[in-house]
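S.K.: In my numbering, the protein residues as written are 6 to 856. For every residue, glycine included, the Cβ atom is placed at its ideal position computed from N, Cα and C.
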């Protein structure tokens, strides 16, 4: 029997310094579990929402408090012998647990569950449970830091097994978590406990049979009880029994094997169905004990073959099919991790599927995600690259107590997650091997501290508790150096670029690796509605102190310098809506160019996961969705870049080539029309139409034409465009290519007379929106229109930020039906014309001053 101890608790707090302030010293304030101290302080009016405005700075005063949580509950003791255990799924971080004033034990790991036998400590009737809790900072006193290059205050985190990002990152604030952040329950039985269930299917070579090796741990109430049997049954998603057996129970590990004939395979999204089986274990002896565990039948291989061109492949093969993995890096969806709901996780994962993801990397500076997260990935078919929780620092693997904590954590995490078919790769750490060989070893460090964990402990535990699992000690990892583009996985391949070069859209989109487990470009702001939510009115402008606080440490190089290079030299003068629209579109275009490079090189590059998918607080970042789950322009650019069929341009020497990529399951046959067209009316300067055939997993050069790339007049007056259609004339994909930046088209880079831009360059469009069905509109325009946004993201348009040419009728469907109000539209044309007017006005003012 399970008794939930979630819900209403009481809490008190006091500073750890003698004579320091206290909270509710004589009374208990209400608290909610699962939760976090910050949430309880907010609910009691003691702290404003820390993720808004400048409030995150106010949370720091509570870092050195001791917190006491208390709950009373009633318990009816069974009349026969029983066992009871107290189960904490998450205690962050240093905790002492007391039941009826008896000290049960202490914990020092926020990542995993902690279990205490309370069989002889429960009272019949009223019971009192109290937790003494801190964030762990006080345990750092006297800890060695210098040896591990951990001199900065935030690097004390290396000693604490809790979310590393909460100490502050280049995309996250310092907001150190603390609390009873996951479920608490009391488990009782009069017969025994079933734990650590593992179903490991092994497929035959022809995929016609699966042997499912099962094991579980049985702990009886009375070890002297005679032999009993457990019935094991495997059912498919329709409830049909696929295999069944009975085994004799014993204390400790119990094993059994069953065979599934003609198993229904689990596939990643886009490759097949996500069939799941359930292993049911049932024991009846007066009391019936049941355990249900879901699993999937699939075969995963990592292909690392030597190539004739040099280097090795790095490709995932699922059920005999080699994949091109596309997706992103997942971080905790809130700086206060206890606040993340199943609903928020579901929205983000379903949006990932809409965006054609098939893989997500759970990054090593966050948390092992919730059971719901992994189960939903199983159902949706999203593959998981799972990091262990170590990131961007050396770790004290020469401390025996620390190593024991890490080992226990890893064993618990493996046992909790190993049945999920979505998890196809386990990885020891994030960017630590990389950092050591690039930086740390030259700063006097004797060795790679932490390597004992990643090279010895983790692979040993995986072999014991999840045999056959794929494992890599680090990411990036492989080749002669960690970020090698010739072997293994790599992260962004542009570390050698200067800051000025890193703002070059062409340079940063050239590098290709075998598998990019992280790639990133620039940042973009969140939606304007979100900025209104988290910044006070006086701070809602580019470069304000509030905006920069939330944009974190990379703001200057990832955003401000970029917008000055490509949009305008004076971004501080831009209205916030123009600033947001310009930077979001520029971000999307850059990421699309990177993806075009990876897909063109699909013969050697087999995966691209961008950094990063989601935000933990309201910020300017790399994500497709902001903290409030509003889509950014990047969502639509990535959706088109990840689509099964995609078209790309590539600049050659005095020419353009056109490429078609097919990530679908069937051969594409159709034709492609491409050429160079006038901004003023869309008429072709030159145009070609050719048949094209692209097999699954191929990217082909479908066209090529010579054209000027450097003549300003022509570049400001025309653009390239390609449209891919099937044999029935239905559009499948399209792409546009500009030969100038926004700044160039606005007249800021070239001193052409204003009349030139008015008559020959990009024009302000007249858009016609026609309701076509109850969930669809048809769009038309009078001039070439670029990055047209329908401001109705709450209704989930299937496409947005669209390019539309005169004469075209583009249909857009909304998943949630059409908005009742008129849809507001913005375009890149509007933005360019606005910038052009500003440029003309500035020059006019300058000329007047000179006179």
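Using only CA atoms, which one of 30, 37, 112 and 129 lies nearest to residue 79?
M.R.: Of the candidates 30, 37, 112 and 129, the one whose C-alpha sits nearest the C-alpha of residue 79 is 129.
S.K.: Among residues of its own chain, excluding the 5 on either side of residue 417, which ones have a beta-carbon nearer than 7 Å to its beta-carbon?
M.R.: Closer than 7 Å at the Cβ level, and outside the excluded window around residue 417, lie 117 and 118.
S.K.: For the structure I just gave you, are there three or more beta carbon pairs, one from the segment 435 to 445 and one from the segment 195 to 205, closer than 8 Å?
M.R.: Taking 8 Å as the limit for Cβ pairs, the verdict is that the segment 195 to 205 does not touch the segment 435 to 445.
S.K.: Secondary structure at residue 427, three-state DSSP: helix, strand or coil?
M.R.: Residue state, collapsed to three classes: coil.
S.K.: Run the CB neighbour count on residue 7, radius 10 Å, all protein chains shown included, and call it buried at 16 or more, exposed below.
M.R.: Classification for residue 7: exposed.
S.K.: Let me know the secondary structure DSSP gives residue 501 once reduced to three states.
M.R.: Unreliable positioning characterises residue 501 in this predicted model, as indicated by a pLDDT of 47, which lies under 50. The coordinate reading is nonetheless provided below. Note: residue 501 maps to coil in three-state DSSP.
S.K.: From the DSSP output, which residues share a beta bridge with residue 494?
M.R.: Bridge partners of residue 494: 482.
S.K.: Are the CB atoms of residue 522 and residue 650 within a distance shorter than 8 Å?
M.R.: Contact flag unset, no.
S.K.: At the level of alpha carbons, what is the spacing between residue 113 and residue 475?
M.R.: Taking the straight line from one Cα to the other gives about 29 Å.
S.K.: Check residue 117 in the structure and name its three-state DSSP category.
M.R.: In the structure shown, residue 117 sits in coil (DSSP, three-state: anything other than H, G, I, E or B).
S.K.: Comparing alpha-carbon positions, which option in 485, 791, 367 and 385 lies nearest residue 740?
M.R.: Ranking 485, 791, 367 and 385 by Cα distance to residue 740 puts 791 first.
S.K.: Excluding the 5 residues flanking residue 240 on each side, which residues of the same chain have their C-beta closer than 8 Å to its C-beta?
M.R.: 246, 247, 282, 283 and 285, listed in sequence order.
S.K.: Can you confirm whether the segment 678 to 689 touches the segment 723 to 736 when touching is taken to mean that 3 or more C-beta pairs between the two stretches lie within less than 8 Å?
M.R.: Cβ pair count under 8 Å is three or more, so yes.
S.K.: Please name the residue, chosen from 311, 219 and 176, that lies closest to residue 236 on a Cα-to-Cα basis.
M.R.: Of the listed residues, the one whose Cα sits closest to residue 236 is 219.
S.K.: Quick check on residue 186: buried or exposed, where buried means 16 or more other Cβ atoms within 10 Å of its Cβ?
M.R.: Buried: at least 16 other Cβ atoms inside 10 Å.
S.K.: Any chance the segment 186 to 200 sits against the segment 17 to 27, with 3 or more Cβ pairs inside 8 Å?
M.R.: No contact exists between the segment 186 to 200 and the segment 17 to 27.
S.K.: Which term fits residue 10, buried or exposed, when burial requires 16 or more other beta carbons within 10 angstroms of its beta carbon?
M.R.: Flag for residue 10 reads buried.
S.K.: With a CB to CB cut of under 6 Å and the five nearest residues on each side skipped, what residues in its chain are close to residue 703?
M.R.: Excluding sequence neighbours, residue 703 sits near 667.
S.K.: Let me know if residue 840 comes out buried or exposed under the rule of 16 or more other beta-carbons within 10 Å of its beta-carbon.
M.R.: Counting Cβ neighbours within 10 Å, residue 840 comes out buried, since at least 16 surround it.
S.K.: With a CB to CB cut of under 7 Å and the five nearest residues on each side skipped, what residues in its chain are close to residue 420?
M.R.: Result list for residue 420: 201 and 470, in chain order.
S.K.: Does the beta-carbon of residue 608 have 16 or more other beta-carbons within 10 angstroms, so that it is buried, or is it exposed?
M.R.: The residue is exposed, with fewer than 16 neighbouring Cβ atoms inside 10 Å.
S.K.: Using 10 angstroms around the beta-carbon of residue 500, count the other beta-carbons present and answer buried if the total reaches 16, otherwise exposed.
M.R.: Its pLDDT being 46, under 50, residue 500 is placed unreliably by the model, and nothing is read from it.
S.K.: If distances are taken between C-alpha atoms only, which option among 773, 760, 802 and 765 comes closest to residue 779?
M.R.: Ranking the options by Cα distance to residue 779, first place goes to 802.
S.K.: Put residue 12 into one of helix, strand or coil per three-state DSSP.
M.R.: Strand at residue 12.
S.K.: Anyone know if the C-beta pair for residue 859 and residue 74 falls short of 8 Å?
M.R.: Only positions 6 to 856 of the chain appear in this structure, which leaves residue 859 out of reach.
S.K.: Inspect the beta-carbon positions of residue 816 and residue 783 and report whether they are closer than 8 Å.
M.R.: Yes, they are a contact pair.
S.K.: Kindly indicate which three-state DSSP category residue 312 falls into: helix, strand or coil?
M.R.: Of the three classes helix, strand and coil, the one that applies to residue 312 here is coil, per DSSP.
S.K.: Less than 8 Å between the beta carbons of residue 445 and residue 401, yes or no?
M.R.: Result no, Cβ atoms of residue 445 and residue 401 do not sit closer than 8 Å.
S.K.: How is the alpha helix (DSSP H) around residue 605 delimited, first residue to last?
M.R.: Start and end: 581 to 605.
S.K.: Return the chain-ordered list of same chain residues with a C-beta closer than 8 Å to the C-beta of residue 44, the five sequence neighbours on each side being excluded.
M.R.: Within the same chain, residue 44 has close Cβ partners 37, 184, 341, 343 and 344.
S.K.: In the DSSP assignment, the beta strand (DSSP E) including residue 91 goes from what residue to what residue?
M.R.: Note, residue 91: beta strand (DSSP E), 88 to 93.
S.K.: Count the other CB atoms, across all protein chains shown, that sit within 10 Å of the CB of residue 414; report buried if there are 16 or more and exposed otherwise.
M.R.: Buried, since its Cβ has 16 or more Cβ neighbours within 10 Å.
S.K.: Would you kindly report the start and end of the unbroken beta strand (DSSP E) that includes residue 288?
M.R.: Where residue 288 is concerned, the enclosing beta strand (DSSP E) stretches over 282 to 290.
S.K.: Mind checking which residues open and close the alpha helix (DSSP H) that includes residue 2?
M.R.: As shown, the chain starts at 6 and ends at 856. That puts residue 2 outside it, with no answer to give.
S.K.: Alpha carbons only, please: which of 35, 59 and 309 is nearest the one belonging to residue 554?
M.R.: The candidate whose alpha carbon is nearest that of residue 554 is 59.
S.K.: Using beta-carbon positions only, say whether residue 19 and residue 30 come within less than 8 Å of one another.
M.R.: Contact: yes.
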